[in-house]
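Student:
Residue numbers (this note's numbering): 68 to 226.
1) Considering just the uninterrupted stretch of the alpha helix (DSSP H) at residue 188, what are its terminal residues?
2) Return yes when the Cβ of residue 161 is within less than 9 Å of the Cβ of residue 199, no when it is not.
3) Could you check what DSSP says for residue 128 in three-state terms: helix, strand or coil?
4) Between the C-alpha atoms of residue 103 and residue 223, what's the straight-line distance to the nearest angstrom?
5) Check for me: the beta strand (DSSP E) holding residue 91 runs from which residue to which?
6) Whole-angstrom Cβ separation of residue 131 and residue 181, contact assumed at under 8 Å?
7) Applying the criterion that 16 or more other CB atoms from any shown protein chain within 10 Å of the CB defines a buried residue, is residue 150 buried or exposed?
8) Can you give the beta carbon distance from residue 134 to residue 114, rounded, assuming they're within the 8 Å contact cut?
9) Let me know the secondary structure DSSP gives residue 217 once reduced to three states.
10) When the distance is taken between beta carbons, is residue 73 closer than 9 Å to residue 91?
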């Protein structure tokens with residue numbers, strides 16, 4: 068069995084040739100599984116927020132826009148080709164009912180931001196399991212490109 072590599076919140080890990088990347092607690096956050104099938108390079112990115120409006124950009128992986136671009140940059144530096152890279156996403160749940168706030172549904176905003184950035188970067192979205200009201204754990208095999216989503220009270224979803 069391949070080594071399991073844990074990806075934290077606002078974090079990204081890359082593996083080449085072998086490895087299972089796993090991230091926990093995808094509520095309103097989005098987990099993105101990047102895969103280049105020819106080089107067997109894969110990355111798992113766990114973003115919290117849609118856009119990086121932070122001055123100084125201390126942690127680009129926290130945001131969909133800067134996190135996606137930085138992940139692509141690092142994968143390409145390892146030999147991945149943008150033409151071959153595909154993505155699968157999970158998360159973006161509505162975890163809390165917010166009344167009177169101006170935040171709105173952060174999960175939905177994250178989903179929309181991820182879709183927009185992937186489209187702008189020319190990356191194909193192959194599958195998604197997003198929305199709803201349940202948190203997810205996401206596992207990703209960098210060799211096969213197979214993803215697995217685990218959620219309390221639901222059957223595992225392979226994608």
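We put the CB at the ideal spot given by N, CA and C, even for glycine.
Tutor: Checking against the coordinates, here is how it stands:
1) Translated into the one-based positions of the chain shown, residue 188 becomes position 121. Counting along the chain, the alpha helix (DSSP H) containing residue 188 begins and ends at 173 to 188.
2) By 1-based counting over the chain shown, the position of residue 199 is 132. By 1-based counting over the chain shown, the position of residue 161 is 94. Yes, the pair counts as a contact, with Cβ atoms nearer than the cut-off.
3) To locate residue 128, count along the chain shown from 1; it is residue 61. Three-state result, residue 128: helix.
4) Residue 103 sits at position 36 when you count from the first residue of the chain shown. Residue 223 sits at position 156 when you count from the first residue of the chain shown. Counting only the Cα atoms, residue 223 lies some 24 Å from residue 103.
5) Translated into the one-based positions of the chain shown, residue 91 becomes position 24. Residues 87 to 93.
6) What you label residue 131 is simply residue 64 of the chain shown in a count that begins at 1. What you label residue 181 is simply residue 114 of the chain shown in a count that begins at 1. Taking a contact as a CB-CB distance under 8 Å, the pair residue 131 and residue 181 counts as one, their CB atoms being some 5 Å apart.
7) Taking the chain shown and counting its residues from 1, the one referred to as residue 150 is at position 83. Counting Cβ neighbours within 10 Å, residue 150 comes out exposed, since fewer than 16 surround it.
8) Numbered from 1 along the chain shown, position 67 holds the residue referred to as residue 134. Numbered from 1 along the chain shown, position 47 holds the residue referred to as residue 114. Contact holds; Cβ gap of about 5 Å.
9) Counted from its first residue, the chain shown places residue 217 at position 150. In this structure, residue 217 counts as strand in the three-state DSSP scheme.
10) Taking the first residue of the chain shown as position 1, residue 91 is located at position 24. Taking the first residue of the chain shown as position 1, residue 73 is located at position 6. Yes, they are a contact pair.
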